[in-house]
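Written below as structure tokens is the structure these notes are about.
Number of protein chains: 4
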Amino acid sequence: MKAAIIGATGYTGFELIKILLKHPKIQISSITSDTYAGTPYSALYPQLTEIFDKEIEPNDYEKVANNSDIVFLCLPHAASMEAANFFYQKGKMVIDLSADFRYSETTIYETTYKTKHKYPELCKEAAYGIPEIFKKDIQNSKLLGNPGCYPTSIIIPLFPLLKEGLINEEIIADSKSGVSGAGKKPTEKTHFCEVNDDFKPYGVLSHRHESEIDFILKKANANIDLVFTPHLLPITRGIESTIYTKSDKNIDILHQCLFDYYSNSPFVRIYKDGRIPAIKNVANTNYIDIALFKRGEKVVIISCIDNLVKGASGQAVQNMNIMLDFNETLGLL
Amino acid sequence: MKAAIIGATGYTGFELIKILLKHPKIQISSITSDTYAGTPYSALYPQLTEIFDKEIEPNDYEKVANNSDIVFLCLPHAASMEAANFFYQKGKMVIDLSADFRYSETTIYETTYKTKHKYPELCKEAAYGIPEIFKKDIQNSKLLGNPGCYPTSIIIPLFPLLKEGLINEEIIADSKSGVSGAGKKPTEKTHFCEVNDDFKPYGVLSHRHESEIDFILKKANANIDLVFTPHLLPITRGIESTIYTKSDKNIDILHQCLFDYYSNSPFVRIYKDGRIPAIKNVANTNYIDIALFKRGEKVVIISCIDNLVKGASGQAVQNMNIMLDFNETLGLL
Amino acid sequence: MKAAIIGATGYTGFELIKILLKHPKIQISSITSDTYAGTPYSALYPQLTEIFDKEIEPNDYEKVANNSDIVFLCLPHAASMEAANFFYQKGKMVIDLSADFRYSETTIYETTYKTKHKYPELCKEAAYGIPEIFKKDIQNSKLLGNPGCYPTSIIIPLFPLLKEGLINEEIIADSKSGVSGAGKKPTEKTHFCEVNDDFKPYGVLSHRHESEIDFILKKANANIDLVFTPHLLPITRGIESTIYTKSDKNIDILHQCLFDYYSNSPFVRIYKDGRIPAIKNVANTNYIDIALFKRGEKVVIISCIDNLVKGASGQAVQNMNIMLDFNETLGLL
Amino acid sequence: MKAAIIGATGYTGFELIKILLKHPKIQISSITSDTYAGTPYSALYPQLTEIFDKEIEPNDYEKVANNSDIVFLCLPHAASMEAANFFYQKGKMVIDLSADFRYSETTIYETTYKTKHKYPELCKEAAYGIPEIFKKDIQNSKLLGNPGCYPTSIIIPLFPLLKEGLINEEIIADSKSGVSGAGKKPTEKTHFCEVNDDFKPYGVLSHRHESEIDFILKKANANIDLVFTPHLLPITRGIESTIYTKSDKNIDILHQCLFDYYSNSPFVRIYKDGRIPAIKNVANTNYIDIALFKRGEKVVIISCIDNLVKGASGQAVQNMNIMLDFNETLGLL
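Below, the structure is given as structure tokens:
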């Protein structure tokens, strides 16, 4: 199968390329970027010198469509929907890494991203790409909204527990992310001297991922009541979420619920016996590591992912594998 | 006035020395450590070459007592109480940076630190050294229990709000600390390769500082119900605490409460207008920066301190200034 | 005395302000920046909240001149010479932190910085601000070219040895600098994700500081033959230079030369007995630490400074102290 | 083929296991450590949870020999020679990652490592494992001394140039390494708070790798005259070496020499056109990236490797592939 990557020069594009280069059934047919058209990809990412020197093409969608079966969109929010519609109408399989197809209800998208959605009907067709929860939707889909990084780290541990009614709907998620989550564009906030030796929250009570987490968790329990605080870690990659809720059930029941729900999920690792997940354990992998602690009614859940792999490009390839009926783990172990 | 530092070679001892060297009214009379006795201090901390080459003495308390007015104890928990009693009986002013005199009720201390307290009556005499809250106790005291770093970052923002009954007693404190909080002794957990690029919680639902926070906040509101989770940041110094609770009061009322309570506290800075505290802003200072956010009933409070300054040695000197009737900020700006 | 800082919002401006705020004889009268005019300084650097909230002014030089005795220029190369001339003609004491007045021979400046120098006669008046070597020039000067950071770390250890003919003129200087040396403006090269976990040389055989080092060392020995390689360290501040040359003299003679030459230099610390300088030992100080090693004819010299203090703003204040006949160390210990 | 790893719990053991787990023709039969015998490997390195939970065995060499074809020794210097002799006599293929078999002349080993070598005759049989230079020796060998990390980064760029007589024999190698090179054992020197924000040289004019580099480069040119200075970088992995020498040849001739010599070496990448190698470009890979700069007679060569991969375990697997007549790159791309 031939895969194209639109907007291939950011961190998610780079990660996607590194994964696809090791994927046994995929050939990268096109990589595009208007800014860098004409340059070999390895000039931007010298790590890939002699490994992937392919020339970056301009965003000529017609040409890309003629030359690919699957199209990954690594475009900014709002810019993505146009490209998605184009390739979808051409009959291509589309995996969108932006937020444009994560909400089947476009009103919430429009409020959150302050943009009119041009293709609300397409949103209804799109699957939400957490394979551990929505595998059937994904299998039957030709258009996929790949989840946000923070939402992935929060939804996976909570969904089964909420669905089974085992935990309280009042949830606090205190999340911390590496700097690559802010993208490759240089800004004051990503200057080395600003981030190094520092730590702080941002987007307090106003981050856009909160509505995505809320929208998806409502499918498990309509009464979900969420507070989400993201923080910026002085590391390149990885997310840790510490999640607080309550439960009147025994901890073994909560554990068992997670074990049962994810018994066939190769990338979910649930820790027991007091072992604590760490970003280091999942960095550069597609795993999500989860642990659950309880004292009285108080529940603390810890989860860790790599924001660029399970939180973006790795999960995108996992979704592609499912859409193409490949083994879910192909290219990801 | 002459000050001695017992156990001067750890990170809090080093910080204390750097502060006292710039203090206009204090002379460092003795620094002790059995391990390093006989070495010049600057051999351990070459930063102080030609600045503080004073020789480290063994722990001869009799000799130290003859040569000092104030004694700072930078000893491990449990080891400290013996020294504190000795110097206190000799009529010295004692500032203990361990946990041994933070609890006036020794049963809680004994449960938390799994050690019998030999001087419960002394605990009753000791002041708890958060000057912004317990200034009167401190002024009248000759023995002071200097607070833990995490507790300082959590108690200061919450105490007035709880005392005035403006927030709910159910509190979640999600705290993150730099590695110096774990001390100078090399361990697997503090190895550079383990900490660099990593982030994780530790002591989940079991950290010793939880009982200290709980014990002190009960003085503001007896019904306090706390969950506290510490995390290890890949930075050397600084603590950020993100604190969750609820309130049915307007955010202006909460803000006003903090402003009023801390109007005479030179080291408390309260941020408004959406500005967010950061560890960088307080690193190497004695400030605590606080911000408060609200949406519906949900309250999020952010606080930042330097764990070695406001969270340890800076606060110790602030307490000393008060005990000696000096200006509270002497040597600290 | 009243000091103005032109271009006060970069890292050297910030460092200068922090130092001057603690200087007992200086009052900061004006801080300017066209970009940030109208903002309180602490909005840019929240560390200084409640400490230095002074409003930033536009670059109205006439107004600044009326209100100050000393002017520090923290402007880009080439932009600085115009301001320097203006304030110098107004009779102000001028300390320029750019490269514009570091070369008394403007042809070398012009080749290196690819800019025509408009005031070559002023360059002849300017002192080169390494107080340890050019104190007399500085005392008699009203215009000072403050040295580059790399040159400071390399010239101080070499100058006496070259002048006394104790070492070979063939010199290799392998230097490594923290990221703040690249300035505050966000670029791809200073993005956290690019710098973190990385290390590399830059400007190999083509860095502009090479001509400055060469020009100044020629005053010690006209036959100097230098190779200089700068590297980018994943830290915020500090420079380490490892310098290679040869000598047929005994190491004690080399040591003695440095000790004698710098016997009255309070900020030069020379290590003996195999002790090795480290960036940590000089960070946030105005010290330069130096050690010298020898095996056969081979000489290895190590030096460390803080690039923003001894390599920029600290040295600027040291120079000001000398120009104003203050104690050299005022505000710097 | 079945491979055993003796002393599997350090950083080189961990790296070796990660590589071998992806190697299509190798099965890991035994992993040993007296300290951790009985524990699953993933308890030490939770990254490998559910991937490699194999139990660590004690150092029962007889049992290991019965169960393996190849033995990797990740033991400390001196401890390794005994194990190497044992497995070699049993007819196993032995790859030793310590220094014990890097020198065919044991007197130099004994002086450098201050240890008597018990098996000098075995040293004569051992190949030195830089495949790019000594491939034939390696192909015919059953015992291999895997090179040191610094030597790998310095020998590969210099060997062809020295052999062809294109550069001067006077060499200065200024090298910088990440902290993993110091091993997993916690020490003061590897404490996060000591390394973070710091940078410094160590072992100046006295590091053990100097004699290894010297010994091997003498095979290219007997008159080699080397100064080597290692430095500690605040990063986990990677080595950069900046190498200084002279040449009266045109830079194109030097470049051509390297291109020709390494035309069949899949892991050597030579940069041209002013591109500069960086640790980031080779981290987690088996590549060595090299660039060469020249001005007049002065030559500056830059090389970068990952100290744990090309500098240790990756090169060990590359050597194994050659010894077993596999494709050199198997498991390494």
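Protein chains in written order, with the working numbering: chain D, 22 to 354; chain L, 22 to 354; chain P, 22 to 354; chain Z, 22 to 354. Glycine included, each C-beta is placed from N, C-alpha and C at the ideal position.
Comparing the C-beta of residue i with each C-beta of chain Z, is any distance below 9 Å?
| i | result |
| --- | --- |
| D/T70 | yes |
| P/T173 | no |
| P/F107 | no |
| D/V216 | no |
| P/H44 | no |
Taking the DSSP output, what are the residues bridged to residue i?
| i | result |
| --- | --- |
| L/K13 | Chain L is shown only over 22 to 354; residue 13 of chain L falls outside these bounds and no answer can be derived. |
| Z/S198 | Z/L253, Z/I260 |
| L/G166 | L/D117, L/Y149 |
| D/S324 | D/S262, D/I311 |
| L/E191 | L/D246 |
| P/P97 | The partner list for P/P97 (beta bridge, DSSP) is empty, contrary to what the question assumes. |
| D/R290 | D/D310 |
| Z/K139 | In DSSP, Z/K139 forms no bridge with anything. |
| D/V92 | D/A25, D/V115 |
| D/H212 | P/H212 |
Is it true that the CB of residue j sits closer than 9 Å to the CB of residue i?
| i | j | result |
| --- | --- | --- |
| P/I323 | P/S262 | yes |
| Z/G166 | Z/C144 | yes |
| Z/R290 | Z/I311 | yes |
| P/L238 | P/L226 | no |
| P/F122 | P/Y82 | no |
| L/Y171 | L/P255 | no |
| D/L69 | D/A333 | no |
| D/T211 | P/P207 | yes |
Using 10 angstroms around the beta-carbon of residue i, count the other beta-carbons present and answer buried if the total reaches 16, otherwise exposed.
| i | result |
| --- | --- |
| L/I274 | exposed |
| P/T56 | exposed |
| P/N161 | exposed |
| P/Q277 | exposed |
| P/P45 | exposed |
| L/Q110 | exposed |
| L/F280 | exposed |
Less than 9 Å between CB atoms is the rule here; does residue i satisfy it with respect to chain P?
| i | result |
| --- | --- |
| Z/G335 | no |
| D/E261 | no |
| Z/P255 | yes |
| D/P207 | yes |
By Cβ distance below 8 Å, which residues in the same chain neighbour residue i in space, the five residues on each side in sequence not counted?
| i | result |
| --- | --- |
| Z/K319 | Y265, K267 |
| L/G186 | N242 |
So with Cβ pairs under 9 Å, would you call residue i a contact of chain L?
| i | result |
| --- | --- |
| Z/V225 | no |
| D/D195 | yes |
| P/L354 | yes |
Spatial neighbours of residue i within its chain, please: CB distance less than 6 Å, with the 5 preceding and 5 following residues excluded, ordered by chain position.
| i | result |
| --- | --- |
| D/G169 | H230, E233 |
| Z/F35 | Y66 |
| Z/T60 | I77 |
| P/Y130 | Y124, H138 |
| D/A194 | I175, F249, S262, I264 |
Output needed for residue i: all residues of its chain with C-beta closer than 7 Å, excluding positions within five of it in sequence on either side, in chain order.
| i | result |
| --- | --- |
| P/F73 | I38, L42, Y62, S63 |
| Z/E209 | E215 |
| L/K23 | Q48, S50, N88, S89, D90 |
| D/S201 | Y32, T257, R258, N328, L329 |
Please confirm whether residue i has its beta-carbon closer than 9 Å to some beta-carbon of chain D.
| i | result |
| --- | --- |
| L/F220 | yes |
| Z/N305 | yes |
* Give, in chain order, every residue of the region 124-136 of chain Z whose Cβ lies closer than 8 Å to some Cβ of chain C. => Protein chains D, L, P and Z are contained in the structure displayed, whereas chain C is not.
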